[in-house]
Structures are given as C-alpha cells and as structure tokens.
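Chains as they are written, first to last, in the working numbering: chain X, 1 to 118; chain V, 119 to 231.
We treat Cβ as the ideally placed atom computed from N, Cα and C, and that holds for glycine.
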Amino acid sequence: GAGVSQTPSNKVTEKGKYVELRCDPISGHTALYWYRQSLGQGPEFLIYFQGTGAADDSGLPNDRFFAVRPEGSVSTLKIQRTERGDSAVYLCASSLNSLVAGGENEQFFGPGTRLTVL
Amino acid sequence: QQQVKQSPQSLIVQKGGISIINCAYENTAFDYFPWYQQFPGKGPALLIAIRPDVSEKKEGRFTISFNKSAKQFSLHIMDSQPGDSATYFCAAREGYNTDKLIFGTGTRLQVFP
C-alpha cells in the first residue's frame with residue numbers, strides 16, 4: 001500500500017516569504033506528526049494530531065509556525081515570514097493510533113520536504 | 119537542551135561483527151524507547167522499541183538492552199551486514215500523556231565487507 005507522501009519534495013523560497021508543506025498520511029491512520037531535521041541531527045518534534053485536533057504543539061518554535069488537519073487526514077504545515085534558520089528537512093509521520101489513544105505508536109515517516117530559505 | 123544523549127557519533131564495523139550504539143536519558147518520565155534506521159534521502163523507519171518494564175527485547179539480529187536504574191539503553195546489531203549501513207537514532211517518549219518523541223543525535227554506521 002501507499003506510504004506517507006509529502007509535497008513538494010523540495011522547496012526553495014526567499015527570506016520573508018510564506019510556505020505551505022503538505023502531508024498525506026497512510027489511509028486510516030488517525031495520528032499525524034510533524035518533525036524537522038537539520039543536517040547531521042535527529043528529528044526535532046514540532047506537533048502531532050490525533051484526529052483533527054492538535055494533541056501536542058509544544059515543539060512549534062514560535063508563532064510563525066502553524067499546522068492544520070481539518071478533516072483528520074491531510075495536514076498542512078504553514079510557515080510565515082520564513083527565515084534562513086528555518087532551512088531543514090520537514091518530516092511527516094503517521095500512525096494507526098497514538099500511544100495515548102491506546103495504539104502502539106509505530107510512526108511511519110514520509111521522505112520529507114527539503115526547505116531552503118535564501 | 120539535549121534530553122537523549124547518543125554515542126558514538128559514527129561507527130565502523132566489519133561484516134559479521136556486532137554493532138553497539140548507546141543512549142542515555144535524564145527524564146524519568148520517559149516511558150517508551152524506539153530505535154529508528156534512516157537511509158540517505160529517506161525518512162526514518164522504526165526498527166525495534168522497548169518499554170521500561172522490560173530489560174531486553176530481541177527481533178531478529180536487533181536487540182535492545184534497557185537499564186532503567188542507569189537510565190541507559192542500547193541497540194545491538196548482531197552479524198552486521200553492509201546493508202545495515204545507515205544512520206541510527208534512539209528516541210524516547212516524553213511521558214504517558216503525549217506521543218512526543220525526543221530523538222538522539224544519531225549514529226552513522228558503516229559496515230565493510
């Protein structure tokens with residue numbers, strides 16, 4: 001079956017611009033996670049959704065970052081007024097159910113979107 | 119603030135040897151410890167995971183050893199193969215009321231034939 005897909009695979013933008021990154025989770029997965037990964041580092045948690053609601057957004061670095069999942073499936077990560085320090089690979093993952101909701105939390109990752117802010 | 123410390127940063131192992139990667143944590147609320155494997159250009163993939171009520175878990179050539187009192191856990195890859203060459207990340211869940219994972223900084227493993 002299809003895995004987690006992310007679009008675009010690469011995004012180059014200029015400092016100050018607005019960007020949207022999209023994630024299509026595995027069909028039927030109720031939990032969806034966003035991470036960002038800088039070169040040579042581990043993934044850094046941003047936010048996760050259980051269904052349509054953000055269950056934990058404690059990793060969002062500031063109010064320029066926002067994510068939505070209006071119908072409990074596709075999610076969009078939105079970054080306003082991009083800065084050069086936002087350059088990273090943004091990873092999305094999904095799981096059948098979150099650990100908190102009684103699942104096993106095997107998170108299946110997509111290939112990521114490489115964001116470059118010039 | 120690095121909450122999960124991983125070592126070594128890189129590891130070179132001969133084919134057939136044992137690869138050992140170590141992680142340590144401070145927060146006693148952490149309650150789920152997965153290991154992920156990542157190939158270049160790909161997202162991480164779950165290898166094996168353990169909960170703190172178990173001291174060891176084995177799946178095929180991969181074993182997690184967990185020492186709750188020392189707040190340490192390690193991944194052992196037996197009979198290492200060139201196809202195991204990848205970056206490995208340990209992680210920890212921040213607590214029972216969230217699925218937030220804190221990742222280590224990664225270990226780049228190279229297995230030579």
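Item	Value
For the putative contact between X:Gly110 and X:Gly3, defined by C-beta atoms under 8 angstroms, what is the C-beta separation to the nearest angstrom?	7 angstroms
Taking only the alpha-carbon atoms, compute the straight-line gap between V:Asn185 and V:Trp153 and give it to the nearest angstrom.	15 angstroms
Just the C-alpha distance for X:Tyr90 and X:Ser75, rounded to the nearest angstrom, thanks.	13 angstroms
At a Cβ cut of 8 angstroms, what residues of the segment 215-227 of chain V count as close to chain X, listed as they run along the chain?	Asn215, Thr216, Asp217, Lys218, Leu219, Ile220, Phe221, Gly222, Thr223, Gly224
Of the residues X:Ser94, X:Thr116, X:Leu118, X:Ser98, which one's Cα is nearest the Cα of V:Gly161?	X:Ser94
Which residues does DSSP list as the beta-bridge partners of V:Tyr214?	The partner list for V:Tyr214 (beta bridge, DSSP) is empty, contrary to what the question assumes.
Less than 7 angstroms between the beta carbons of X:Lys17 and X:Thr113, yes or no?	no
When you compare the CB positions of V:Ile166 and V:Phe180, do they come within less than 7 angstroms of one another, or not?	yes
Got a sec? Which residues, its chain only, sit under 6 angstroms from V:Thr223 by beta carbon, not counting five neighbours each side?	Gln124
Less than 6 angstroms between C-beta atoms, sequence neighbours within five positions excluded: which residues of the same chain meet that for V:Glu174?	Ser183
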